[in-house]
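Student: Have a look at the structure that comes next, please.
Residue numbers (full-length UniProt numbering): 1 to 211.
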């Protein structure tokens, strides 16, 4: 371009999700962890807050940063490396919330803080997304991807990673078929007139004058 050679970038970003040419999400997870650590450190500087308030701030500010687009990059049956990194961030935050020792186990911190483990939180997020998608009408475009995921779920082969199909393996397809269909299209506007005339069969009575 204009006499300059433009080299292809090894990664790209779409809707704040970073992935490489082989559709790997390592770069995205690393950036999410860096942002989550930065927010967690900022929350650690707050003073005179109760544990419940710190826990609420953690769930509102740190967890969404780590879980963003997890239904795309997280594989609930394979992502042990990603979970190890995310667990480190959660353990560091829970130590600050509970004022605990660094040697305390992560599971103990999660029980004391009444917080879900990372793998369960990500799994529930994926299951909730799949449940919401299955309530769409059958003519909705998303059903093309859902049918491919269901087919990939039941087949065994050397296919590329499909997190949606892997998440379906943790769910009961029979219960998904029983969900109510919710049409997302808006209802047609009301065509009735704004004012309606009401006819009264009886004649109006004349009021009596007093005084």
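Beta carbons are placed, not taken as given, at the ideal position from N, Cα and C, and that holds for glycine.
(1) Rounded to whole angstroms, what is the Cα-Cα separation between residue 131 and residue 35?
(2) Opposite residue 111 in the DSSP bridges: which residues?
(3) Keeping to the same chain, check which residues put their C-beta closer than 7 Å to that of residue 113; ignore five residues upstream and five downstream.
(4) Considering residue 18, what are the terminal residues of the alpha helix (DSSP H) in which it resides?
(5) Around the Cβ of residue 147, are there at least 16 other Cβ atoms within 10 angstroms (buried) or fewer (exposed)?
(6) Between the Cα of residue 127 and those of 15, 57, 166, 141, spot the shortest distance and give me the residue it belongs to.
(7) Once DSSP output is grouped into helix, strand and coil, what is the label at residue 164?
(8) According to DSSP, what are the bridge partners of residue 26?
(9) For residue 122 versus residue 74, is the C-beta distance shorter than 7 Å?
(10) Helix, strand or coil for residue 181, going by three-state DSSP, please let me know.
(11) Counting Cβ pairs, one atom from each stretch, are 3 or more of them under 8 Å apart for the region 65–85 and the region 12–20?
(12) Going by other Cβ atoms of all chains shown within 10 Å of its Cβ, with 16 needed for buried, is residue 90 buried or exposed?
(13) Specify the secondary structure class of residue 135 as computed by DSSP and reduced to three states.
(14) Residue 49: buried (16+ other C-beta within 10 angstroms of its C-beta) or exposed?
(15) So, is residue 82 buried or exposed, given that buried needs 16 or more other C-beta atoms within 10 angstroms?
(16) Return the chain-ordered list of same chain residues with a C-beta closer than 6 Å to the C-beta of residue 5, the five sequence neighbours on each side being excluded.
(17) Quick one: what's residue 122 bridged to in DSSP?
(18) How big is the Cα-Cα spacing for residue 87 and residue 115?
(19) Going by C-alpha distance, which of 84, 44, 138 is nearest residue 177?
Tutor: Checking against the coordinates, here is how it stands:
(1) Counting from 1 along the chain shown, the entry for residue 131 is found at position 131. Counting from 1 along the chain shown, the entry for residue 35 is found at position 35. So the alpha carbons of these two residues sit roughly 29 Å apart.
(2) Taking the first residue of the chain shown as position 1, residue 111 is located at position 111. Under DSSP, residue 111 takes part in no beta bridge, so it has no partner.
(3) Counting from one through the chain shown, the residue named residue 113 turns up at place 113. Cβ contact annotation for residue 113 (same chain, cutoff 7 Å, sequence separation greater than five): 55, 94, 97, 98, in chain order.
(4) For the purposes of this step, residue 18 is identified with residue 18 of the chain shown, where counting begins at 1. Counting along the chain, residue 18 falls outside any alpha helix (DSSP H), though it belongs to the beta strand (DSSP E) covering 17–20.
(5) Along the chain shown, one-based indexing puts residue 147 at 147. Looking at its Cβ environment, which holds fewer than 16 other Cβ atoms inside 10 Å, residue 147 is exposed.
(6) The count along the chain shown starts at 1 and reaches residue 127 at position 127. The option with the nearest alpha carbon to residue 127 is 166.
(7) To locate residue 164, count along the chain shown from 1; it is residue 164. Helix, per DSSP.
(8) Start at 1 with the first residue of the chain shown, and residue 26 comes out as number 26. In DSSP, residue 26 forms no bridge with anything.
(9) One-based indexing of the chain shown puts residue 122 at position 122. One-based indexing of the chain shown puts residue 74 at position 74. Going by C-beta atoms, residue 122 is nearer than 7 Å to residue 74.
(10) Walking along the chain shown from the start, residue 181 turns up at place 181. Residue 181 carries a coil assignment under DSSP once its states are collapsed to helix, strand and coil.
(11) The region 12–20 and the region 65–85 touch, with three or more beta-carbon pairs separated by less than 8 Å.
(12) Numbered from its first residue, the chain shown carries residue 90 at position 90. Burial call: buried.
(13) Translated into the one-based positions of the chain shown, residue 135 becomes position 135. In the three-state scheme derived from DSSP, where H, G and I count as helix and E and B as strand, residue 135 is classed as coil.
(14) Counting from 1 along the chain shown, the entry for residue 49 is found at position 49. Looking at its Cβ environment, which holds fewer than 16 other Cβ atoms inside 10 Å, residue 49 is exposed.
(15) Residue numbering aside, residue 82 sits at position 82 when the chain shown is read from its first letter. Buried is the call here.
(16) In the chain shown, counting from the first residue as 1, residue 5 sits at position 5. Excluding sequence neighbours, residue 5 sits near nothing in its chain.
(17) Looking up residue 122 in the chain shown gives position 122. The partner list for residue 122 (beta bridge, DSSP) is empty, contrary to what the question assumes.
(18) If you number the chain shown from 1, residue 87 lands on position 87. If you number the chain shown from 1, residue 115 lands on position 115. Whole-angstrom Cα-Cα distance: 12 Å.
(19) On the chain shown, residue 177 is found 177 positions in, with the first residue counted as 1. Out of 84, 44, 138, 138 has the C-alpha closest to the C-alpha of residue 177.
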